[in-house]
Each structure stands twice: as C-alpha cells, then as structure tokens.
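Structure first, commentary second.
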Amino acid sequence: MTIDSFMTAASDYANEVDGTFWVLVVISSLITLLVAALIAGFSLRYRRGSTARRGPLSERFGRDVEIGWTVATLFLFLFIFWWAASNQLSALNVPGHAMEIHVVAKQWMWRVQQPGGAREINEIHVPENVPIRLVMTSEDVIHDLFLPTMRLKQDVLPGRYTYLSFTPTKTGVFHLTCAEYCGTDHSVMAGRLVVMTAPDYARWTNAQPEADDLAHQGEALFSALGCSGCHAPTSSIHAPDLHGLYGRAVPLADGRVVTADEAYLRDSILLPAKDIVAGYAPIMPSFRSAITEDDLVKLIAYLKSLSTSPTGAPGSAGVSPASGKERAGGTPAVPGGGQQ
Amino acid sequence: MTDAAIADVAVDTQPASYLGAGHTLLSWLTTTDHKRIAILYAVSITLFFFIGGIAIGLVRLELMAPRGLFLTSEAYNRLFSLHGIIMVWFFLVPSIPATMGNFLLPLMIGAHDVAFPRLNLFSWYLYVFGAAFTVYALISGGVDTGWTFYTPLSTSYATGYVVAAATGVFVVGFSSIATGVNFIATAHMLRAPGMTWFRLPLFVWAMYTVSMVMVLATPVLAMSLLLVIAERAFGLPIFDAARGGDPVLFQHLFWFYSHPAVYIMILPAMGVVSEVIPCFARKTIFGYAFMVYALITIAVIGFMVWGHHMFVAGQSPLANLVFSFLSFIVAVPSAIKVFNWTATLHRGEITFEAPMLYALGFVGLFTIGGLTGLFLASVPIDIHATDTYFVIAHFHFVMVGGTVSAYMAGLHFWWPKVTGRMYSEAWARFAAITTFLGFNATFLPQFVMGWNGMPRRYHYYPDVFQAWHVMSSVGALILAVAYVLPLIYFGWSLIYGRRAGANPWNATGLEWQTSSPPPKENFHRIPRVDVEPYAYGEFVHLPMADDRTPPSLPSPASGGG
Amino acid sequence: MSDAATALREPWPDLDRQREGVSVGIWLFIASEVLFFGALLLGYAVYRALYPEAFRIAGAETEVFYGSVNLLLLLTSSVTMTIAVDASRHGMRRTVIACLALTILLGAAFLMFKGLEYSADIAKGLLPGAHFPLQPPQTQLFWGLYWVMTGVHAIHLAIGIAIVGTFAVMLWRRLMPIESPAMLGVATYWHFVDTVWIILFPLLYLVDRS
Numbered sequence: 002m003t004i005d006s007f008m009t010a011a012s013d014y015a016n017e018v019d020g021t022f023w024v025l026v027v028i029s030s031l032i033t034l035l036v037a038a039l040i041a042g043f044s045l046r047y048r049r050g051s052t053a054r055r056g057p058l059s060e061r062f063g064r065d066v067e068i069g070w071t072v073a074t075l076f077l078f079l080f081i082f083w084w085a086a087s088n089q090l091s092a093l094n095v096p097g098h099a100m101e102i103h104v105v106a107k108q109w110m111w112r113v114q115q116p117g118g119a120r121e122i123n124e125i126h127v128p129e130n131v132p133i134r135l136v137m138t139s140e141d142v143i144h145d146l147f148l149p150t151m152r153l154k155q156d157v158l159p160g161r162y163t164y165l166s167f168t169p170t171k172t173g174v175f176h177l178t179c180a181e182y183c184g185t186d187h188s189v190m191a192g193r194l195v196v197m198t199a200p201d202y203a204r205w206t207n208a209q210p211e212a213d214d215l216a217h218q219g220e221a222l223f224s225a226l227g228c229s230g231c232h233a234p235t236s237s238i239h240a241p242d243l244h245g246l247y248g249r250a251v252p253l254a255d256g257r258v259v260t261a262d263e264a265y266l267r268d269s270i271l272l273p274a275k276d277i278v279a280g281y282a283p284i285m286p287s288f289r290s291a292i293t294e295d296d297l298v299k300l301i302a303y304l305k306s307l308s309t310s311p312t313g314a315p316g317s318a319g320v321s322p323a324s325g326k327e328r329a330g331g332t333p334a335v336p337g338g339g340q341q
Numbered sequence: 021m022t023d024a025a026i027a028d029v030a031v032d033t034q035p036a037s038y039l040g041a042g043h044t045l046l047s048w049l050t051t052t053d054h055k056r057i058a059i060l061y062a063v064s065i066t067l068f069f070f071i072g073g074i075a076i077g078l079v080r081l082e083l084m085a086p087r088g089l090f091l092t093s094e095a096y097n098r099l100f101s102l103h104g105i106i107m108v109w110f111f112l113v114p115s116i117p118a119t120m121g122n123f124l125l126p127l128m129i130g131a132h133d134v135a136f137p138r139l140n141l142f143s144w145y146l147y148v149f150g151a152a153f154t155v156y157a158l159i160s161g162g163v164d165t166g167w168t169f170y171t172p173l174s175t176s177y178a179t180g181y182v183v184a185a186a187t188g189v190f191v192v193g194f195s196s197i198a199t200g201v202n203f204i205a206t207a208h209m210l211r212a213p214g215m216t217w218f219r220l221p222l223f224v225w226a227m228y229t230v231s232m233v234m235v236l237a238t239p240v241l242a243m244s245l246l247l248v249i250a251e252r253a254f255g256l257p258i259f260d261a262a263r264g265g266d267p268v269l270f271q272h273l274f275w276f277y278s279h280p281a282v283y284i285m286i287l288p289a290m291g292v293v294s295e296v297i298p299c300f301a302r303k304t305i306f307g308y309a310f311m312v313y314a315l316i317t318i319a320v321i322g323f324m325v326w327g328h329h330m331f332v333a334g335q336s337p338l339a340n341l342v343f344s345f346l347s348f349i350v351a352v353p354s355a356i357k358v359f360n361w362t363a364t365l366h367r368g369e370i371t372f373e374a375p376m377l378y379a380l381g382f383v384g385l386f387t388i389g390g391l392t393g394l395f396l397a398s399v400p401i402d403i404h405a406t407d408t409y410f411v412i413a414h415f416h417f418v419m420v421g422g423t424v425s426a427y428m429a430g431l432h433f434w435w436p437k438v439t440g441r442m443y444s445e446a447w448a449r450f451a452a453i454t455t456f457l458g459f460n461a462t463f464l465p466q467f468v469m470g471w472n473g474m475p476r477r478y479h480y481y482p483d484v485f486q487a488w489h490v491m492s493s494v495g496a497l498i499l500a501v502a503y504v505l506p507l508i509y510f511g512w513s514l515i516y517g518r519r520a521g522a523n524p525w526n527a528t529g530l531e532w533q534t535s536s537p538p539p540k541e542n543f544h545r546i547p548r549v550d551v552e553p554y555a556y557g558e559f560v561h562l563p564m565a566d567d568r569t570p571p572s573l574p575s576p577a578s579g580g581g
Numbered sequence: 311m312s313d314a315a316t317a318l319r320e321p322w323p324d325l326d327r328q329r330e331g332v333s334v335g336i337w338l339f340i341a342s343e344v345l346f347f348g349a350l351l352l353g354y355a356v357y358r359a360l361y362p363e364a365f366r367i368a369g370a371e372t373e374v375f376y377g378s379v380n381l382l383l384l385l386t387s388s389v390t391m392t393i394a395v396d397a398s399r400h401g402m403r404r405t406v407i408a409c410l411a412l413t414i415l416l417g418a419a420f421l422m423f424k425g426l427e428y429s430a431d432i433a434k435g436l437l438p439g440a441h442f443p444l445q446p447p448q449t450q451l452f453w454g455l456y457w458v459m460t461g462v463h464a465i466h467l468a469i470g471i472a473i474v475g476t477f478a479v480m481l482w483r484r485l486m487p488i489e490s491p492a493m494l495g496v497a498t499y500w501h502f503v504d505t506v507w508i509i510l511f512p513l514l515y516l517v518d519r520s
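Protein chains in written order, with the numbering used here: chain A, 2 to 341; chain B, 21 to 581; chain C, 311 to 520.
Laid out in structure tokens, this is it:
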C-alpha cells in the first residue's frame with residue numbers, strides 16, 4: 002500500500018487544527034505585511050533629503066496611540082488564545098468506549114498490542130470511525146508517537162502510561178514517526194498507521210496468528226506468577242479482592258482516596274509499597290524483576306476484564322477510566338494528547 | 021548632552037587610549053579594564069560562533085540527501101547537539117551582554133568601570149574554563165543528547181561525553197551569573213550625577229533586565245545539570261523511573277531556566293536596536309517609558325511560561341492552558357516594542373548605514389519569529405508542530421534573525437568607538453543584505469516542511485522533504501558567506517580603516533562624548549547629565565559628521581516624542 | 311588612616327558607596343544561590359509528596375547525632391563571623407583575625423564530622439545502587455538527594471572556609487585593610503551557608519522522627 006501524504010487530514014479533529022492554523026497564517030501575514038509596509042513606507046517617505054513633512058506630533062497623540070495599540074494587541078492575542086483553547090477543550094472529551102491499543106516504545110521500534118491479542122511491530126491497524134485510545138509506555142528513554150495526519154503527538158515515558166486518542170475518518174496508510182530524540186536511530190523509528198473499514202479490520206484481526214486476546218493471556222499470567230495465591234477469594238492471605246477494582250475509588254492507608262486506573266494497577270504490581278490500601282499490611286512483593294512491559298499489558302487487560310464480568314470470564318477492552326481525576330499526590334494520569 | 025566633557029576629548033589612539041595601556045599578552049590576560057575584558061569575550065565568542073557554525077554547515081550539507089551523504093547517524097546526532105550547546109551557551113547567551121554590555125555599560129552611565137572589575141575578569145575565565153571542558157567533549161567525540169539533555173537518555177542511555185559537556189555548561193553558567201551581578205550593581209550604584217533611571221539609554225535598561233534574568237534563572241540550569249551529572253557519574257537516582265524518579269521533573273527544571281534564557285538572548289538585542297534606530301532616523305525613540313516597561317514585563321512574565329515547551333510531555337491539560345495563556349500575554353510587550361521602533365521612523369530623517377540595515381532587518385525578522393511563537397503558544401497547533409522543523413524555524417527567526425542581526429548592528433555601530441576605525445560601509449551593506457536574503461532562504465522553507473510533518477533531529481528523512489532541505493541548505497551557504505565577510509572587512513579596517521572621531525554617527529549617549537577609542541578611565545572627568553536620552557532634534561537637519569571634523573553636539577531636545 | 315585609603319577601589323567614588331555596592335552584589339549572588347538550592351529542594355519536595363512512606367523509612371537512617379552537632383557548630387561559627395565583621399568596622403585587628411580563625415576551625419570541624427558521618431552512612435551501605443539495603447526502591451531517591459544536598463552544601467562550606475582563610479592570611483600580612491568592605495560580603499555568604507544547613511537539617515534528619 003502506498004503511504005498517504007503527510008499533509009492528509011485523516012480525522013475531524015485534524016481538519017479543525019488545520020482550520021485554526023490557516024486562520025493564524027492569515028492573521029500573522031496581515032500583521033507582518035503591515036509592519037513591513039510601514040517600515041518600507043516610512044523608510045522611503047522619510048529618507049534623508051525627502052521633502053516629506055516632519056515635525057512633532059502632539060505628546061497626547063503619541064500616548065493615545067500607544068495605549069490604543071497595546072490594548073488592541075492584547076485583545077487580539079487573547080482572542081487567538083481563547084479560540085485555540087476552546088478548540089482544544091472540546092477535543093478533551095474522551096468518548097466512552099474507545100478501543101484501546103497498547104503501545105510499547107523502545108530504542109528503536111514500536112511494539113503494538115491489539116485488544117484482540119494481535120501483535121504488531123511498527124504498525125497500528127485501526128478501524129475507521131471508531132474512537133481509538135493508545136495507551137503507551139516506554140521501556141527505556143522518552144520517545145514520542147507522532148501521527149501527522151491526525152495532527153497529534155504525545156511523549157511516551159518510561160514508568161508511566163500516556164495516552165493518545167483520535168477517531169480516524171479516512172481509510173489509508175498514514176505516517177507514524179518518533180518525535181522525541183531518543184538516540185542513534187531516532188530518525189528511522191518510523192511506522193505506519195493503517196486505517197481500514199470496519200469489515201476489513203475484522204477480517205484482518207481474524208487473520209492474525211495470536212488468537213487469544215490480552216485478557217486471556219493475562220489470566221494465565223495471573224496464575225503463573227502466583228497472584229491468585231494471595232488475591233483469590235479462597236486465599237488465607239489478607240489481600241484486596243480485585244473483582245470490579247478497575248475504575249473504582251480506593252481508600253489508602255494514609256487517608257487519601259485514589260482511582261484505580263491503569264497507572265494505579267501498574268504501580269501496584271511494580272511498586273506495591275507506594276500506595277497501601279487501607280486496612281491491609283504492606284506485604285505484597287514487587288514483580289518488577291519478574292515481568293516485562295508486555296506482561297504488564299496483559300495483566301492489566303485481565304484486571305480490567307474483571308470489572309465487566311464478575312464471574313472472571315474475559316471481557317473486551319475496558320472502559321475508559323474517569324479522566325481528569327488527579328491521582329492524589331502524584332503526577333496525574335490524564336489523557337495527554339489532543340483528542341476528537 | 022553636556023558641554024563639559026568636550027574639552028577633554030582626544031581624537032586618536034594616543035597613549036591615553038585603553039588599547040595603548042599595556043601591550044603585552046599578560047596585560048590583556050590580567051586586565052580589569054571592562055573594555056579589554058569585552059574584547060577578550062568578543063574574540064572568544066566569535067571563535068565559538070564559527071565552531072558552532074561549521075558543525076551546522078556539515079549538518080546542512082548532509083541533509084541535502086534523504087539518506088545522507090557522508091555522516092553516520094552517531095556523528096550527525098553529535099553534530100547537531102554540539103551546534104545547539106555551543107550556540108546557546110557559548111555564543112548567544114554571552115554575546116551582546118559580555119561584549120557590548122561590558123564595553124558600554126560604564127560608558128553609557130558615566131562611570132569609570134563596572135562595580136566589580138576583578139569579578140568581571142573572573143567571569144571571563146569562568147567562560148574560558150567552561151569552554152575548555154566543552155571543547156574537550158567535542159574533540160573526544162561529542163555528545164548526542166541534543167542541547168536539552170533530556171533524561172533518561174542523558175543519564176542512562178547516551179554514549180558520549182555527557183558529563184564533560186554538562187560540566188562545561190555548568191561552569192559557564194556562573195560566568196553569566198557573575199556578569200549579571202556586576203551589571204545590576206553597576207547600574208544601581210555608579211550612575212553619573214544627574215543620570216536618573218528614566219534618563220538611562222534603553223540599552224542600559226536592557227542590560228539591567230537581562231542581568232536580573234541571568235542571576236535568577238541560570239542557577240536552576242546549574243542544578244538541573246548537576247543532578248544529571250550526579251545520576252550519570254555517581255549513580256544517584258534522581259530521574260530514574262525504575263526507582264520512582266520522574267524524568268519529566270528534569271524537563272521542568274531545565275525549561276524553568278531555558279525559557280528565560282531565550283529572553284536573555286533577546287532583551288539585549290532589543291536594547292541595541294533601540295540605540296541604533298533613533299540615531300539613524302535622527303529622532304528620539306517613540307514611547308520611551310513603554311519601552312522600559314515592556315523590557316521589565318518581558319523579563320518577569322518570561323519566568324512563567326516554561327511549560328509551553330512541554331505541552332506533549334505529559335503535563336495536565338490545565339497546566340497546558342495556563343502556560344498557553346501566559347505565553348500569549350508575554351507576546352504583548354514584544355509587539356509594543358515592534359510598533360514603537362516602527363513609529364520612531366515616522367517623521368524621522370532616515371539613512372541606511374549598515375547598523376540601520378541590520379536593525380531594520382531585526383524588526384522584520386523578529387516580527388515573523390514572534391508571530392510564529394503565537395502559533396506555538398496555541399496548544400492544538402503546538403501538539404502538531406512541536407518537535408518538527410516548525411519550531412526550529414521559529415527559534416532561529418528570533419535568535420538568528422533577531423539576536424544575531426542585532427549583534428551585527430551593534431558591532432557595526434560601536435566598532436568606531438571600540439577600535440577608533442571606520443569599516444567599509446559598502447562591504448558592510450552588502451553583507452547585511454546578503455545575510456537577510458540568506459537567512460530567509462535558509463529558514464522559511466523550514467516552516468513549511470515542519471508543518472508538513474518533518475520531525476527535528478532527524479538524520480534520515482522521507483524523500484518528500486528533500487526539495488525543502490536543499491533550499492534550506494543553499495540558503496545556509498549564502499548565510500555562511502555573509503557571516504564570513506565581516507571577519508574580512510573588520511580585520512582589514514583595523515589596519516587600513518579610516519580613523520574615527522569621537523562621534524562619527526553624531527549620536528547621543530555618553531559613550532560618544534569621549535574619544536574613539538576611549539581612554540582607560542573612560543572619562544577624564546565624570547560628566548553631569550541634564551538632558552533626556554535620544555535628544556535628537558526633530559526640526560534640525562543634522563549632517564552626518566565625517567571623521568575629520570571635530571565631534572559636534574547634536575541639538576538639544578526641542579520638544580515632541 | 312592608611313588602611314581606609316587602600317580599602318577604596320576603582321571605580322568607586324567613596325568608601326560608603328563601595329560598601330553599599332558590595333552589599334548589593336553579595337545579596338544578588340545570594341539570590342542566585344537561593345534559586346540553586348531551591349531547585350534541589352523542589353526535587354526533594356516533589357518526591358517527598360509522592361512517596362511519603364519511602365521517605366520516612368529512608369529518613370530514619372540518617373545520623374541525627376552528627377547532623378545536630380554540625381548544626382551547633384555552624385550556628386556558633388556564624389556568631390564568630392558576625393563578631394569579626396563588627397570588629398572590622400571598628401578597626402579591631404586582633405579580634406577580627408582571631409574570630410576569623412575560630413570560624414575556620416568551626417567550619418573545619420563541621421567538615422570533619424561530615425566525613426565521619428559519611429563513613430557511617432557508607433558502612434550501612436546507603437549508597438544508591440544494586441546493593442541498597444532499604445525497600446522500597448524510592449528510598450534510594452531520598453538517599454540520592456541526601457548525597458547531593460549535603461555534598462553541595464559541604465562544597466559551599468569548603469569554599470567559604472577557603473575564602474575566610476585567605477582573608478585571615480591577607481589581614482595578618484597587612485595585604486588587606488581591616489575595614490575592607492569585602493568582609494561584609496564574605497560574612498553574608500557564610501551566614502547563607504549556615505542558613506542552608508538550618509533548612510537541610512530538619513528535612514534530612516527530623517522528618518517523621520518524632
């Protein structure tokens with residue numbers, strides 16, 4: 002498939018951004034032309050030896066002009082701010098059931114896990130007209146996932162999840178590049194975003210080798226790593242029940258109440274001493290040395306599935322957590338990128 | 021100005037000149053004369069300007085082809101990193117303050133020297149010491165982290181001489197701080213009798229405000245780099261995510277300095293332009309008070325906008341909005357300055373010597389640079405444009421189209437005062453025009469390709485951008501020629517140039533009321549000031565004095581403006 | 311007096327103005343130092359807010375005894391420094407030199423106890439890295455900051471001792487006048503270094519230790 006131009010606008014949001022951009026181009030060009038014309042005009046008219054009328058303007062005139070253009074500039078700039086900001090605010094509303102795709106960045110490639118379990122390298126297949134939410138983390142340095150045709154990018158950080166949400170409205174193959182300098186092969190850490198019609202995407206998903214979805218694989222890991230040893234309802238160890246945990250408010254030992262989002266689940270597995278649940282002893286060991294980022298993705302998918310299905314059967318990719326809720330005391334795990 | 025100092029003016033490089041007071045290298049290396057220290061700085065930063073320029077020349081050459089021509093990716097990455105590090109810290113930040121600020125500040129306020137002359141010399145040695153560390157990093161193979169040293173790349177993954185480079189920058193930062201302390205104390209304590217705050221030339225106000233920023237912002241950079249060194253060299257975890265550290269914390273600390281740093285680079289440039297335009301328009305600056313308030317406002321609000329470099333770094337949307345809002349606000353005083361410079365031309369009597377050409381070029385290029393800053397202050401635009409060539413074009417418009425143009429304007433304007441020689445006006449004008457054209461050819465294409473999605477810091481790139489890259493590289497070649505020309509004609513002028521009188525431009529300002537070059541103690545007698553600055557008469561057509569006539573007074577201010 | 315005559319330096323018109331100038335200069339430098347340490351303290355504050363439990367565990371391992379002794383030493387040294395500056399304004403040569411010497415001794419004693427403290431810390435293995443004895447991993451953040459904060463402070467103190475020592479020698483050999491305005495400068499710096507320790511001490515030694 003030939004790749005579409007960088008300049009294609011492949012979502013409604015991208016078109017809005019372009020609109021804002023061109024308005025700014027027009028305003029800036031007018032201002033630049035005004036300044037250039039004045040400089041050129043004055044230089045010509047008042048060059049030494051010309052017969053133009055000189056002599057002072059009244060002092061009050063000078064001051065009035067100053068105040069006038071200061072106020073005008075201020076209002077113009079505030080207008081532009083307000084307009085661009087309102088553009089972005091409307092884009093911040095996360096649609097309820099975004100399809101979540103996990104991305105792990107490392108020097109110098111992108112590893113992608115579809116909710117159905119399919120894995121891709123340097124490619125993300127998505128269906129058109131479906132809200133997509135990329136859940137991203139890095140294994141090493143800071144990278145940045147740039148989708149120029151969506152007019153979006155978001156830094157991908159180690160030790161944290163960041164998010165990029167969009168709804169593609171055009172099918173095609175689009176550029177995907179790294180946009181945060183990450184070492185030697187930064188400039189070739191590129192890939193493709195493949196947007197397909199829904200039937201095509203379904204066909205593609207079914208044709209992928211890994212049939213088990215993420216939550217299934219996570220369930221297997223949950224037993225294999227011994228998590229059920231403490232967290233199963235029948236366990237003799239006093240450990241929190243994980244059914245329905247995802248998305249719920251969790252009271253902590255130090256009095257704070259946090260929301261159990263992906264970042265909370267991740268920290269609970271890797272840094273269990275960070276947020277101790279109220280009423281429980283801090284006895285959970287860290288699994289940092291036992292699992293990879295890919296394993297984490299599967300475990301979290303499994304835990305999320307426990308919310309939608311109380312019997313523990315695997316569910317589909319989870320509901321978006323309450324966005325905008327600050328994690329008490331920490332950097333907030335909120336959507337980082339612009340959204341539809 | 022005053023009539024008292026005129027009788028004391030000597031016209032030529034007599035033994036009274038600061039250049040004649042001691043001819044040995046040692047006398048230069050142990051001087052505490054602010055004018056000699058200014059020249060020590062000027063020689064040093066010029067050297068680094070060309071080193072940084074050669075680095076980017078190689079980069080632009082390599083970028084003529086999408087798959088490169090002769091560099092490995094490692095080498096390419098190290099070259100662009102060194103270009104940034106050298107240009108920011110070893111050229112732009114010291115440029116106008118350490119050269120023209122040092123030379124002119126005491127002269128403009130009517131003092132014999134800066135407040136702490138030995139500290140001044142020490143600041144130059146700090147600069148040289150820091151530079152030596154960085155040169156060591158360079159010849160040992162360089163760093164590839166970019167000038168921004170983002171963690172964890174710089175602390176844990178980068179190969180190269182990160183610690184040496186960071187140490188060099190750490191040391192040179194204290195040179196900045198020392199200069200800032202000196203200038204603020206000088207401005208407060210050593211003004212001549214009658215030189216009230218609102219009689220100061222705008223260049224002095226610019227030095228004062230930039231010094232405040234240097235003193236308060238630079239230490240935060242120093243600590244950011246120290247923490248990177250602590251983590252990389254000593255394994256102390258500060259930004260290590262595996263142990264709970266936050267790599268984004270580094271970005272906050274780094275940009276808390278690095279945003280005010282760009283105002284460190286532009287405020288002095290604005291000061292120079294405010295001296296040059298009134299002189300060659302023969303008219304007082306329009307709106308002196310607003311110009312002063314604008315400088316102060318830019319310096320203060322400049323400390324509050326650092327997050328606009330981090331819109332996609334993982335900040336909350338609320339933080340993005342706040343920083344976006346403040347970034348729009350900080351653009352207002354800059355716009356006022358552009359309008360005031362333009363209005364100064366109105367009803368003036370304008371001539372187009374090289375300093376004026378550079379100054380007018382500054383106003384146009386700074387306007388474009390500043391307006392593209394508004395693009396980047398808009399969050400949705402920035403999300404697309406950040407980390408692309410759009411940003412590169414934006415900051416080169418303000419830093420090169422802006423600061424370097426103003427540096428050239430000042431260099432030409434004060435060359436006769438510093439050296440006692442006139443340069444070749446024809447060659448200088450040619451160089452000024454070539455600079456303007458070469459600059460636009462280099463950087464306008466970068467706006468286009470940046471918005472079209474060409475990321476920055478890319479060695480290899482998609483074929484579709486090649487035409488723009490070639491355009492940009494050809495422009496860079498023209499620009500390089502334009503920057504080499506002044507070396508030649510300035511050098512020539514030192515030996516063969518016409519001798520300049522005390523005031524070849526017939527300019528106002530105390531520096532023109534003493535000989536060219538000035539005597540070591542600046543003034544034989546400290547002048548008394550009793551007129552407003554920029555007292556260019558608005559009714560009187562003043563001939564431009566050539567250097568053979570005795571220095572004459574501009575007419576006293578006769579109303580208006 | 312001949313001392314007062316040599317105290318005046320170019321480009322200052324008179325000694326009072328010069329003193330004021332030194333004061334302006336040193337306070338500007340202190341402002342930059344406040345931002346220097348402030349950035350470090352900001353890092354501490356951020357991580358303490360994120361990981362209060364880890365900081366409590368890590369902070370329990372600092373050597374309160376050494377920290378407190380050092381606090382007392384520095385506070386006393388500020389007293390001797392103040393006396394020195396006051397004496398210098400009155401031209402009391404012997405008092406000035408004696409008090410500067412005492413200040414240096416107290417500062418050197420601080421560094422000596424610091425060395426002992428560092429040995430104790432290292433003996434307990436409190437160097438962040440693979441064999442760090444405490445859990446969870448964020449305790450290493452506290453200790454990383456500890457080494458940087460105390461190390462940077464110690465370097466500042468050592469520089470202060472060097473400058474005070476130089477002054478003492480120059481005064482002794484009459485290479486510097488007793489009334490030199492620079493005395494005020496070095497004293498202000500010394501008090502600043504003392505103040506930094508007054509701030510670091512509770513943050514590193516007293517946190518959650520009630």
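Backbone N, C-alpha and C define an ideal beta-carbon position, used for all residues, glycine too.
Check the Cα spacing between P234 (chain A) and each of A:H244, A:L226 and A:A225: the tightest is with A:H244.
In terms of beta-carbon proximity, L272 (chain A) lines the interface with chain C, with at least one pair separated by less than 9 Å.
Under the DSSP assignment, F167 (chain A) falls in the beta strand (DSSP E) whose first and last residues are T163 to F167. For R46 (chain A), the enclosing alpha helix (DSSP H) begins and ends at D13 to R46.
The beta-carbon of D483 (chain B) is placed no less than 9 Å from the nearest beta-carbon of chain A.
If you draw a 10 Å sphere on the C-beta of A261 (chain B), you find 16 or more other C-beta atoms in it, and that means buried. Taking T390 (chain C) as the centre and dropping the five residues before and after it, the same chain places the C-beta of C409, L412 and T413 closer than 6 Å to its C-beta, in chain order. In the DSSP assignment, L412 (chain C) falls within the unbroken alpha helix (DSSP H) covering R403 to A433. DSSP, reduced to helix, strand and coil, places G214 (chain B) outside both helices and strands of the structure shown, so it counts as coil. Using a Cβ-Cβ distance cut-off of 8 Å, the stretch 472 to 482 of chain B and the stretch 69 to 89 of chain B are in contact, since at least three pairs of beta carbons, one from each stretch, lie closer than that value. A distance below 6 Å between beta-carbons, with the five flanking residues on each side excluded, links Y147 (chain B) to the following residues of its chain, in chain order: V192 and S195.
For L338 (chain B), the uninterrupted alpha helix (DSSP H) segment begins and ends at P337 to L365. In the three-state reduction of the DSSP assignment, I122 (chain A) falls in the strand class. H98 (chain A) and V183 (chain B) have their C-alpha atoms some 47 Å from each other. Counting other Cβ atoms within 10 Å of its Cβ, V418 (chain B) reaches 16 or more and is therefore classed as buried.
Only residues of its own chain outside the window of five on either side were considered, and among them Q271 and W275 have a CB closer than 7 Å to the CB of M330 (chain B), listed in chain order. Buried is the label assigned to P337 (chain B), since at least 16 other Cβ atoms lie within 10 Å of its Cβ. Sequence-distant partners of G435 (chain C) (beyond 5 residues in either direction) whose C-beta falls short of 8 Å from its own C-beta, in its chain, are H441, F442 and P443.
At a beta-carbon threshold of 9 Å, the residues of chain C lying near D255 (chain A) are P362 and E363, ordered along the chain. From the beta-carbon of W457 (chain C), the residues of chain B found nearer than 8 Å are A250, F254 and L256. At a C-beta separation below 9 Å, K275 (chain A) has these neighbours in chain C: L360, Y361, E363, A364, P446 and Q448.
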